[in-house]
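Worksheet for the structure shown next.
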Amino acid sequence: MSGAPGPDRYAVVGHPVGHSRSPFIHGEYARATGQAMLYGRLDVAPAAFDAAVRAFFADGGRGLNVTVPHKQAAFALVDVVTPRAARAGAVNTIRQRADGSLEGDNTDGVGLVTDLTANLGLRLAGARILILGAGGATRGALGPLLACGPARLTVANRTPARAVELARAFADLGPVEGCGYDAVDTGPWDLIVNATSASLAGTTPPIAAGVIGAGSVCYDMAYARDDTPFTRLARERGAKAAHMGWGMLVEQAAEAFWLWRGVRPATGAVLAALLHGA
Ligand code: ATR
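Under the numbering used here, think of the first position of the sequence shown as 75, with each following residue one higher.
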């Protein structure tokens, strides 16, 4: 059965999803680019994920963004994945192809890199990069970061074996190594990215005092109204700059929008609105 004619329908699926800024972001992109589309929220518990996604597309839905905790379930559900989603082992964007099959992509890593380079003006070629955490967020970021040609990229994690394993899985793409927090040297690090979920618990990864230097730009993939525990720590320790992941959020959305609509929205106004509390 296909849905009633009208604007093309999209949604973000998560659990919970009430806090998601994706409807605002995609609504602004649609308005600015003149695309006739609706973008909603689907709050779906893990046990109901597959059925809800299939029902959405069977009813004429055109695309989904996938957020916590469903990115791996989405990877398993789709018919085909893009190379970058295959590397990430996770899907954050689904689109239905002309033959009805579902394609899974991952725009998180490119969203991070676009924010770092285009919005924040960082040069990642030759940079010394430290990533904190070895979960799904790091897995999604490693391919796009290594593609920029850093001089070194270290993944540090509370469970060191996960970091070592992840580094091994990406070693063909560049100079990446994994270790525990106590083995992180003082770099110096040009960029330190927090990809742990420690912020959710109101805490920060236990990195030694000298790791964040005066030349370190610190970036938390998490975002909050004012500060996250990690951006606060970065400032206290004299980092060169401390950024939250609002830019990554709008850039991964722009990449998804482009996949769906073939139009690349400008992100500056939406990012500014979010930074000012929209
Ligand atoms: P995500 O998809 O958000 O990356 P995940 O795969 O569950 O979620 O990974 C969460 C990451 O945050 C892991 O690197 C985890 O460390 P472990 O692998 O040792 O579990 C890290 N993490 C979560 N809470 C943390 C905390 N309080 N301190 C430090 N690291 C934490």
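Glycine residues also receive a C-beta, built at the ideal position from the N, C-alpha and C atoms. None of the values given here were measured: they were computed from a predicted structure.
TODO: Classify A327 as buried or exposed, calling it buried when 16 or more other Cβ atoms lie within 10 Å of its own Cβ.
DONE: Buried, because 16 or more other Cβ atoms sit within 10 Å of the Cβ of A327.
TODO: Below 8 Å on the Cβ atoms is my guess for N180 versus G207; work out the distance and round it to an integer in Å.
DONE: Not a contact, Cβ separation roughly 17 Å.
- [ ] Give me the Cα-Cα distance between A129 and V140, rounded to the nearest whole angstrom.
- [x] Between the alpha carbons of A129 and V140 lies a distance of about 15 Å.
TODO: Starting from V344, follow the alpha helix (DSSP H) in both directions and report where the run begins and ends.
DONE: Start and end: 342 to 349.
- [ ] Please state whether DSSP places V118 in a helix, a strand or coil.
- [x] Look at V118 here: in three-state DSSP terms it is coil, with no helix or strand label.
Task: Anticipated Cβ contact below 8 Å, A104 with L116, distance rounded - done: That belief does not hold up - the Cβ atoms of A104 and L116 are roughly 18 Å apart, past 8 Å.
Open item on the list: By the three-class DSSP mapping on this structure, what secondary structure does H100 have?
Closed with: Here H100 sits in helix by DSSP.
Open item on the list: Could you compute how far the alpha carbon of V229 sits from the alpha carbon of G261?
Closed with: C-alpha of V229 to C-alpha of G261: approximately 13 Å in a straight line.
TODO: Can you say whether G210 is buried or exposed, counting buried as having 16 or more other CB atoms within 10 angstroms of its CB?
DONE: Buried, since its Cβ has 16 or more Cβ neighbours within 10 Å.
Task: Any non-hydrogen atom of the ligand ATR within 6 Å of T233 CB - done: Within the cutoff, so yes.
Open item on the list: Ignoring anything shorter than 4 residues, give me the alpha helix (DSSP H) runs that lie fully in the stretch 287 to 342, in order along the chain.
Closed with: DSSP runs (the alpha helix (DSSP H)) wholly in the stretch 287 to 342: 303 to 310, 320 to 335.
- [ ] Spell out a yes or no on whether the stretch 189 to 203 and the stretch 318 to 334 are touching, meaning 3 or more CB-CB pairs, one atom from each, closer than 8 Å.
- [x] As far as the Cβ criterion goes, the stretch 189 to 203 touches the stretch 318 to 334, which means the pair count is three or higher.
Open item on the list: Does T341 pass the burial test, meaning 16 or more other C-beta atoms within 10 Å, or should it be called exposed?
Closed with: Classification for T341: buried.
TODO: Could you tell me if A150 is buried or exposed, where buried requires 16 or more neighbouring beta carbons within 10 angstroms of its beta carbon?
DONE: With fewer than 16 other beta carbons inside 10 angstroms of its own, A150 counts as exposed.
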